[in-house]
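Asks: Got a structure here, written out as structure tokens. Questions coming.
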Amino acid sequence: MSFVVVGYLNDKFGGRLIVIVCLSVLGLTTFFTGRINSIPSFVLIYAFIGSFASSGVGFVVIHSILSKWFSRRRPLAISISVAGGSIGPTLFAPFSAYLVQAYEWRTALYILGAFIIFIGVPLVVVFLRTQSSNNLPDFEKIDDSKTLNQEMSGILFTNKWTDALKSFPFWQISLAYLVCGITTNILSVHFVPFAEDQGIPKLTAASIFGLMMGLNSVGVLLAGVTAMKINQKFVLGAAYTLRGIAYLMLLGVGGEVGLIMFAILGGISWLPTVSMTSLLLADIYGVKNLGTINGMSNMYHQIGGALCVLLTGEIQQMTGSYDIPFVIAGLTL
Numbered sequence: 490m491s492f493v494v495v496g497y498l499n500d501k502f503g504g505r506l507i508v509i510v511c512l513s514v515l516g517l518t519t520f521f522t523g524r525i526n527s528i529p530s531f532v533l534i535y536a537f538i539g540s541f542a543s544s545g546v547g548f549v550v551i552h553s554i555l556s557k558w559f560s561r562r563r564p565l566a567i568s569i570s571v572a573g574g575s576i577g578p579t580l581f582a583p584f585s586a587y588l589v590q591a592y593e594w595r596t597a598l599y600i601l602g603a604f605i606i607f608i609g610v611p612l613v614v615v616f617l618r619t620q621s622s623n624n625l626p627d628f629e630k631i632d633d634s635k636t637l638n639q640e641m642s643g644i645l646f647t648n649k650w651t652d653a654l655k656s657f658p659f660w661q662i663s664l665a666y667l668v669c670g671i672t673t674n675i676l677s678v679h680f681v682p683f684a685e686d687q688g689i690p691k692l693t694a695a696s697i698f699g700l701m702m703g704l705n706s707v708g709v710l711l712a713g714v715t716a717m718k719i720n721q722k723f724v725l726g727a728a729y730t731l732r733g734i735a736y737l738m739l740l741g742v743g744g745e746v747g748l749i750m751f752a753i754l755g756g757i758s759w760l761p762t763v764s765m766t767s768l769l770l771a772d773i774y775g776v777k778n779l780g781t782i783n784g785m786s787n788m789y790h791q792i793g794g795a796l797c798v799l800l801t802g803e804i805q806q807m808t809g810s811y812d813i814p815f816v817i818a819g820l821t822l
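What follows is the structure, given as structure tokens:
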């Protein structure tokens, strides 16, 4: 639900304000998580307030801002932002691990919280600006045959976000995004244990998973460049098709070879679904209510992912195998 709330606030007050406030709150919750001494305080500070604040600096708000900044180069701009969301954890995960090892976890959280507040927030204040839909960056060229309003509005432009819920494309995209949540979140949590069930050593499985995560950025950037030339819906369809083939490799070939083939195809197709979904929603419904509409669609992604992760664990406990939940996840594609 947090995606819907921050998306609505973004549409009402502007993305710049939402990012500044949420990033500040995220920094404070990171800092004060280092001072928790009970499970209730952990749930309140980290799981509730912290996770809500992180939604305000996530793709729902950022993509809404970028969609108002860019028109013709929107596919590439949004894809670069998604790639940044993948590269960031790659850099900060080892840095965070180093801090924990060097100073213990509480001090590490103090340092990370201070980093967000004293470096991240000022950077946003200085460089991030809310681009009005009445303007575009200087380098964005508009076709003479079209008005700026036509470029920034969608074919089903809505004055109220609730109107989007009455249209068929919203549910097509959102149900596809639910499948995306199912087929990616299951991997985020259960990939290494699944590989171990196949007789793959944990270190090898983790390395293959790292390969898949490394290909995320490559895949989304390729998708962004491709979407500059062809319709985004074809790029999105290709991404889901590749992921379906990846699941066939994982379940049909099996073993280390199947895992590697899956990592390559699954990695390339992992993040393009995020960028292309935001792009399609912007193209169809325009940018006026994009934050709320995208937040609604993202909610289904999270619901699918959360239910799948939970049910996968339960089925594995009952059957002693990951085969059934992974087959079900693959069939949803």
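Per our numbering, the sequence shown starts with residue 490, numbered consecutively. C-beta: ideal position from N, C-alpha, C; glycine also. A quick note: this is a predicted structure, and the numbers were derived from the prediction, not measured.
#1: Within a Cβ cutoff of 7 Å, which residues of the same chain sit near I749, ignoring the five residues on either side of it in sequence?
#2: Going by beta carbon distance, what residues of the same chain come within less than 7 Å of A490, once the five residues before and after it are set aside?
#3: Using a Cβ-based criterion (distance less than 7 Å to any ligand heavy atom), does M785 qualify as near the ligand PLP?
#4: Look at the Cβ atom of L506, then the Cβ atom of V610, and state whether they are nearer than 8 Å.
#5: Y774 and L645: beta carbons closer than 8 Å?
#6: Using the Cβ count rule (16 or more neighbours within 10 Å means buried), how would you classify F492?
#7: So, Q721 versus L800, is the Cβ gap smaller than 8 Å?
#8: Contact defined as beta carbons within less than 8 Å: I believe G545 pairs with V510. What is the distance between those atoms, to the nearest angstrom?
#9: Under 8 Å: do the region 593–605 and the region 726–738 share three or more Cβ pairs, one atom per stretch?
#10: So what does DSSP say about F657, is it helix, strand or coil?
#11: Can you find the residues in the same chain that come closer than 6 Å, C-beta to C-beta, to I804, ignoring five residues on each side of it along the sequence?
#12: If you compare alpha carbons, which of I757, T715 and A536 is closest to G733?
#13: Keeping to the same chain, check which residues put their C-beta closer than 8 Å to that of K501; ignore five residues upstream and five downstream.
#14: By Cβ distance, which residues of its chain are closer than 7 Å to G708, with the 5 residues on each side in sequence left out?
#15: Count Cβ pairs between the region 782–798 and the region 687–704 that sit closer than 8 Å; are there 3 or more?
Replies: If we stick to the structure as given:
#1: To locate residue 749, count along the sequence shown from 1; it is residue 260. I697, listed in sequence order.
#2: For the purposes of this step, residue 490 is identified with residue 1 of the sequence shown, where counting begins at 1. The question names Ala, yet the displayed sequence has Met at residue 490. When the five nearest sequence neighbours on each side are left out, the beta carbons in the same chain lying within less than 7 Å of the beta carbon of M490 are those of M788, in order along the chain.
#3: Ligands are entirely absent from the displayed structure, and the ligand PLP is therefore not among its contents.
#4: Start at 1 with the first residue of the sequence shown, and residue 506 comes out as number 17. Start at 1 with the first residue of the sequence shown, and residue 610 comes out as number 121. L506 is not a Cβ neighbour of V610, given a cutoff of 8 Å.
#5: The sequence position of residue 774 within the sequence shown is 285, counting from 1. The sequence position of residue 645 within the sequence shown is 156, counting from 1. Yes, Cβ-Cβ distance for Y774 and L645 is below 8 Å.
#6: The count along the sequence shown starts at 1 and reaches residue 492 at position 3. That one is buried.
#7: As a working mapping, residue 721 is identified with position 232 in the sequence shown. As a working mapping, residue 800 is identified with position 311 in the sequence shown. No; because the gap between Cβ atoms is not below 8 Å, this pair is not in contact.
#8: Locating residue 545 in the sequence shown gives position 56, where the first residue counts as 1. Locating residue 510 in the sequence shown gives position 21, where the first residue counts as 1. G545 to V510, Cβ: 7 Å. Contact.
#9: The region 593–605 is not in contact with the region 726–738.
#10: The residue given as residue 657 occupies position 168 in the sequence shown. Here F657 sits in helix by DSSP.
#11: Here residue 804 corresponds to residue number 315 of the sequence shown, with the count starting at 1. Excluding residues within five positions, the ones whose Cβ falls inside 6 Å are I813 and P814.
#12: Counting from one through the sequence shown, the residue named residue 733 turns up at place 244. That would be I757, whose Cα lies nearest to the Cα of G733.
#13: As a position in the sequence shown, residue 501 is number 12, starting the count at 1. Contacts found: none.
#14: Start at 1 with the first residue of the sequence shown, and residue 708 comes out as number 219. The beta carbon of G708 is closer than 7 Å to those of G756, I757, S758, W759, L760 and P761 in its chain, skipping five residues each way along the sequence.
#15: Counting Cβ pairs under 8 Å, fewer than three are found: no touch.
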